[in-house]
Amino acid sequence: MNGFEYKGHELFVEDVPVRKIVSSVDSPVYIYSEKALREAYSSYQEAFQGHRTLIAYAMKANGNLQILSMLGKMGSGADVVSGGELFRARRAGIPSDRIVFAGVGKTDGEMREAIDAGILMFNVESSMELDRLSRVASSMGKVAPVALRVNPDVDPKTHPYISTGMKKSKFGIPVDQALEEYRRAARLPGIRIVGIHQHIGSQLTEISPFRDAFDRMVAFARLLKENGIEVSWLDVGGGLGIRYGNEKPPTPREVAHEILSRLEGLNVGIILEPGRSIVGNAGILVTEVQYLKETSVKMFYIADAGMNDLIRPSLYGAFHDLWPVVKKTGAGKKGDLVGPVCETGDFLVQDRELPPAEPGDLLAVMSAGAYGFAMASNYNARPRPAEVLVSGDRFSVIRARETYEDLIRGEGIV
Ligand code: LLP
1 MNGFEYKGHE LFVEDVPVRK IVSSVDSPVY IYSEKALREA YSSYQEAFQG
51 HRTLIAYAMK ANGNLQILSM LGKMGSGADV VSGGELFRAR RAGIPSDRIV
101 FAGVGKTDGE MREAIDAGIL MFNVESSMEL DRLSRVASSM GKVAPVALRV
151 NPDVDPKTHP YISTGMKKSK FGIPVDQALE EYRRAARLPG IRIVGIHQHI
201 GSQLTEISPF RDAFDRMVAF ARLLKENGIE VSWLDVGGGL GIRYGNEKPP
251 TPREVAHEIL SRLEGLNVGI ILEPGRSIVG NAGILVTEVQ YLKETSVKMF
301 YIADAGMNDL IRPSLYGAFH DLWPVVKKTG AGKKGDLVGP VCETGDFLVQ
351 DRELPPAEPG DLLAVMSAGA YGFAMASNYN ARPRPAEVLV SGDRFSVIRA
401 RETYEDLIRG EGIV
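Residue numbers (UniProt numbering): 1 to 414.
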């Protein structure tokens, strides 16, 4: 992973030893590499250079203000899915005309906030939502810019919980109803059609589902054109996978080729919504081993981070590599790295060879930059970890560790 390397036996993030960060901010802690983030973002910019393109970073993957602000300064927009994300994106300085708003359950209030802000477009996911958006916009004397999210019915060949573009999923408008919906949208007073949206799933590691989805999208754009409806943006969503173990996902360049080679005769800009592929491999979660426990069937390393800090292994059975912060000699043990949370599903690593470690040793859960902190909770009244950004030989706390007082903010005894 770029930005994370051993120098001798010691794990560094860029030029800073992980141990130095932990001795200053304690553990568990999320650590990100600025260089890795910038490189990941740039690889998209380079891949689409020469074509009118907006990279609308899917901030659900990691919505830290500093990360958003950094990406914003590099030209990024944001794909938001709630009023809260819209607030965060704007607070981080992302211009509204680079913001797209998706999600199946937008409320009146969220619609109003986004219309007020002047976002680039709403990605509308149902017929009822379209009517409501028209009504809300009209009541404000405005017209809302819209793409309909078309569900192309393509199997992305990823985990079922993160497959979104198949008939049976709740997302988007089925492709066979989409033309009719666009015709309706064209007649609604509060709606201005500007694009087509799709997003078929996350952690895609093969090119073929992208190909199928782009084929269908472009065919649909042509059909719209024949029906007198012109769009200026194709929003192709996100979903490009990263390497957690031995996956070999396509590169942004390969994805760009598949898209750009299909646009003949269409005068459209491209919107991309990458999340994981920008931040996933740019972050780690560092945890300290507290205890070892060996039963007759299994070895457990008990750490100070658990499912509330990183839920991906528990929720999706996701694989994250595990690196020792200081490499030790001696044999590792096969077993589980578990957290302190009161659930059997609380593990970060399951049934794998663990590096040799003692209480007090630090371990790095790799590729934890996306959907790591973003999905962390306070379950078991556990304050969420600190987040640190490393830039060369400097590091900064970009989110302070939560305190016990943070845990009870807003509560009262009546
Ligand atoms: N656009 C839309 C409309 C989305 O729903 C998503 C992700 C993205 C873009 C960004 O996808 P990405 O480039 O990050 O794959 N929590 C899960 C992933 C959920 C993805 C949800 N939608 C995980 O930890 O694997």
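Quick reminder that beta carbons are idealized off the backbone N, C-alpha and C, glycines included.
**OP:** Taking only the alpha-carbon atoms, compute the straight-line gap between A137 and V286 and give it to the nearest angstrom.
**Re:** 46 Å
**OP:** Have a look at the DSSP bridge pairing and note the partners of F4.
**Re:** V13
**OP:** Report buried or exposed for D176, applying the criterion of at least 16 other Cβ atoms within 10 angstroms of its Cβ.
**Re:** exposed
Original post:
What do you reckon, are the CB atoms on T158 and T107 nearer than 9 Å?
Top reply: no
**OP:** May I ask you to check if the CB of M375 is nearer than 8 Å to at least one heavy atom of the ligand LLP?
**Re:** yes
**OP:** Would you tell me roughly how many angstroms separate the C-alpha atoms of A78 and R352, rounded to the nearest one?
**Re:** 37 Å
Subject >> Helix, strand or coil at N123 [DSSP, three-state] >> reply: strand
**OP:** Consider the C-beta atom of L240 and the heavy atoms of the ligand LLP; say whether any pair is separated by less than 8 Å.
**Re:** yes
**OP:** Check V25 in the structure and name its three-state DSSP category.
**Re:** helix
**OP:** Compute the Euclidean distance between the alpha carbons of G228 and R183, then round it to the nearest angstrom.
**Re:** 9 Å
**OP:** Using beta-carbon positions only, say whether S126 and I173 come within less than 9 Å of one another.
**Re:** yes
**OP:** Measure from the alpha carbon of Y244 to the alpha carbon of each residue in W323, D116, P17, P152, then state which is nearest.
**Re:** W323
**OP:** Please indicate yes or no: does the CB of H159 lie closer than 8 Å to some heavy atom of the ligand LLP?
**Re:** yes
Subject >> Simplified DSSP assignment, three categories, for V80 >> reply: strand
Original post:
In chain order, what residues of the same chain lie with their CB nearer than 6 Å to the CB of D235, ignoring the 5 residues before and after it?
Top reply: A147, G195, H197, I271
**OP:** Give me the Cα-Cα distance between V268 and V297, rounded to the nearest whole angstrom.
**Re:** 59 Å
Original post:
Using the beta-carbon count (16 or more within 10 Å), is M128 buried or exposed?
Top reply: exposed
Original post:
What do you get for Y41, buried or exposed, if any count of 16 or more other CB atoms within 10 angstroms of its CB means buried?
Top reply: buried
Original post:
Out of curiosity, what's the CA-to-CA distance linking G317 and P340?
Top reply: 18 Å
Original post:
Whose CA, out of G335, C342, L68, S76, lies closest to the CA of G379?
Top reply: The amino acid occupying residue 379 in the given sequence is Tyr; Gly does not appear at that position. The shortest Cα separation from Y379 among G335, C342, L68, S76 belongs to C342.
Original post:
Below 9 Å between beta carbons: does that hold for M299 and K327?
Top reply: no
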